[in-house]
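Participant: Just so we're aligned, residue 16 is where the sequence shown starts under this note's numbering, counting upward by one.
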Amino acid sequence: MNCLVLGGAGFIGSHAVEALLAAGHQVRILERPACSLVNIAAVRDRVEVFFGDFTVRRELTAALSGIDLVLHMAGTVLPASSNLDPLFDIQSNLMGTVTLLEEAVRNGVKKVVFASSGGTVYGVAGSLPLVEEAPTEPLSSYGIVKLATEKYLKLFQHLYGLDYTILRIANPYGERQRIDGAQGAVAVFLGRLKRRQAIEIWGDGEIARDYLYISDLSAAILKACEKNISKGLFNIGGGRPWTLNEVLAELEIVSGRRAEVIYKPSRACDTPLNWLDCTRARQELDWEAQVDFREGLRRTWEWVSRQ
Numbered sequence: 016m017n018c019l020v021l022g023g024a025g026f027i028g029s030h031a032v033e034a035l036l037a038a039g040h041q042v043r044i045l046e047r048p049a050c051s052l053v054n055i056a057a058v059r060d061r062v063e064v065f066f067g068d069f070t071v072r073r074e075l076t077a078a079l080s081g082i083d084l085v086l087h088m089a090g091t092v093l094p095a096s097s098n099l100d101p102l103f104d105i106q107s108n109l110m111g112t113v114t115l116l117e118e119a120v121r122n123g124v125k126k127v128v129f130a131s132s133g134g135t136v137y138g139v140a141g142s143l144p145l146v147e148e149a150p151t152e153p154l155s156s157y158g159i160v161k162l163a164t165e166k167y168l169k170l171f172q173h174l175y176g177l178d179y180t181i182l183r184i185a186n187p188y189g190e191r192q193r194i195d196g197a198q199g200a201v202a203v204f205l206g207r208l209k210r211r212q213a214i215e216i217w218g219d220g221e222i223a224r225d226y227l228y229i230s231d232l233s234a235a236i237l238k239a240c241e242k243n244i245s246k247g248l249f250n251i252g253g254g255r256p257w258t259l260n261e262v263l264a265e266l267e268i269v270s271g272r273r274a275e276v277i278y279k280p281s282r283a284c285d286t287p288l289n290w291l292d293c294t295r296a297r298q299e300l301d302w303e304a305q306v307d308f309r310e311g312l313r314r315t316w317e318w319v320s321r322q
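(1) Excluding the 5 residues preceding and the 5 following L116 in the sequence, name in chain order all residues of the same chain whose CB lies nearer than 8 Å to its CB.
(2) On the DSSP bridge assignment, give the partners of L21 in chain order.
(3) Buried or exposed for N54, please, with buried defined as at least 16 other CB atoms from any protein chain shown within 10 angstroms of its CB.
(4) Just verifying my parser: in three-state terms, what is the DSSP assignment at V167?
(5) Tell me which residue opens and which closes the alpha helix (DSSP H) that S320 is part of.
(6) Which residue comes first and which comes last in the alpha helix (DSSP H) that contains S281?
(7) Taking C18 and C240 to be in contact with their CB atoms under 8 Å, please state how far apart those CB atoms are, rounded to whole angstroms.
(8) Pop quiz: D83 and V124 are said to be a contact at Cβ under 8 Å. What is the actual Cβ separation, rounded to whole angstroms?
(9) Below 6 Å CB to CB, which residues in the same chain sit around R207 once its five sequence neighbours on both sides are set aside?
(10) Applying the 10 Å Cβ sphere with the 16-neighbour rule, what's the burial state of E118?
(11) Since Y188 sits in a beta bridge, which residues does DSSP pair it with?
(12) Can you tell me where the beta strand (DSSP E) with P287 in it begins and where it stops?
(13) Can you have a look at A34 and say buried or exposed, based on whether 16 or more other CB atoms are within 10 angstroms of its CB?
(14) If K238 sits next to L300, beta carbons under 8 Å apart, how far is it from one beta carbon to the other, in whole angstroms?
(15) On the three-state DSSP scale, how would you describe N250?
(16) On a CA-only basis, which of Y175, H173 and I184 is nearest K161? Give me that one, please.
(17) The beta strand (DSSP E) spanning K126 covers which residue range?
(18) I'd like the span of the beta strand (DSSP E) that includes E261, first residue to last.
(19) Is I277 a contact residue of the ligand NAP, with contact defined as CB to any heavy atom under 7 Å?
(20) Grab the span of the alpha helix (DSSP H) containing V201 for me, first residue to last.
(21) Verify whether the separation of the beta carbon atoms of R61 and L52 is less than 8 Å.
(22) Among R43, Y278 and Q41, which has the Cα closest to the Cα of E221?
(23) Using a 10 Å radius around the Cβ and a threshold of 16 neighbouring Cβ atoms, would you call D231 buried or exposed?
Written out as structure tokens, the structure reads:
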């Protein structure tokens, strides 16, 4: 199968690229011109790289030539920052994705697999764990745009027969996640532990999230690409929620270091508790998270220590 991965040199995308290659698929990626390819260095000679912007139609059209499946993992904003400029979020992500879908139809693409956000589309949970049919009330523009993208995927399937699978992904962590970024508590916290810097937490640390190790996520992505499932919608999570205080305690164990913590005022975009029910993924994708949280943290710390 000929696959185009948008965001294929990023944290999640690079692991997905490796999984697709290992399964025997042909892989092309589309990345911004300034993007580093260090994450795919080990497989660079097996990956066709197109540099361009997926919001620019002519660049997208060239990248889509001969493609069977598109794995859409590109994005330009973070959940917290998206509320500062919702219009930019809409223009760069939602409008860009609609352009992608239009060009996918014109170029005969058979299926789109979309990385949505299980951590933001639901908003404040009414009951837990969250099933795919749970109400969706995002607290950020990021979540709203992810949800709107899901709706456009359904529309294009209805109008043009373009198949899709949507993965509502929990909070991923693992090797290659930026330790100096503004997103990804595990990587950021480990980076600060390594540098012996204070860790900042928004709120009292009792916000709980569903964490998913990267190898489990890449396995789910591969299943979504290969399974003959039409109009799929799946939660992809780690199996239980962890508060930030609990995460810190686990990180202290695996790193052998004591964390200095600074608690800051809570943010309006943060939901208090997120926990995904992955029963449907287990039944239909034959997928379930395999890596224990502490083991995943241990592997991540080993990687961070080498950076």
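Ideal placement from N, C-alpha and C gives every residue a C-beta, glycine not left out.
Facilitator: Result, derived from the coordinates:
(1) Hits under 8 Å: V127, Y167, L168, F171 and L177.
(2) L45 and H87.
(3) Under this definition N54 is a buried residue.
(4) Residue identity differs from the one stated: residue 167 is Tyr in this sequence, not Val. Three-state result, Y167: helix.
(5) Here the alpha helix (DSSP H) through S320 covers F308 to R321.
(6) Unbroken run through S281: none, as it is neither H nor E.
(7) Right, their Cβ atoms sit about 7 Å apart.
(8) Contact between D83 and V124 holds: their C-beta atoms lie close to 7 Å from each other, under 8 Å.
(9) Once the five neighbours on either side are set aside, the close Cβ partners of R207 are I214.
(10) Its Cβ being crowded by 16 or more others within 10 Å, E118 is buried.
(11) Secondary-structure assignment with DSSP links Y188 through a beta bridge to Y228.
(12) DSSP places P287 outside any beta strand (DSSP E), giving it a letter other than H or E.
(13) Taking a 10 Å sphere around the C-beta of A34, we find 16 or more other C-beta atoms and assign the residue as buried.
(14) Going by Cβ atoms, the distance from K238 to L300 rounds to 4 Å, so yes, they are a contact pair.
(15) In this structure, N250 counts as strand in the three-state DSSP scheme.
(16) Nearest Cα to K161 within the set Y175, H173 and I184: I184.
(17) K126 -> beta strand (DSSP E) spans K126 to S132.
(18) Counting along the chain, no beta strand (DSSP E) covers E261; the unbroken alpha helix (DSSP H) around it starts and ends at L259 to S270.
(19) As far as ligands go, the structure on display features none, and thus does not contain the ligand NAP.
(20) Secondary structure note for V201: its alpha helix (DSSP H) is the uninterrupted segment A200 to R210.
(21) L52 sits away from R61, with the two beta carbons spaced by 8 Å or more.
(22) Cα-wise, what sits closest to E221 is Y278.
(23) When all chains shown are included, D231 counts as buried.
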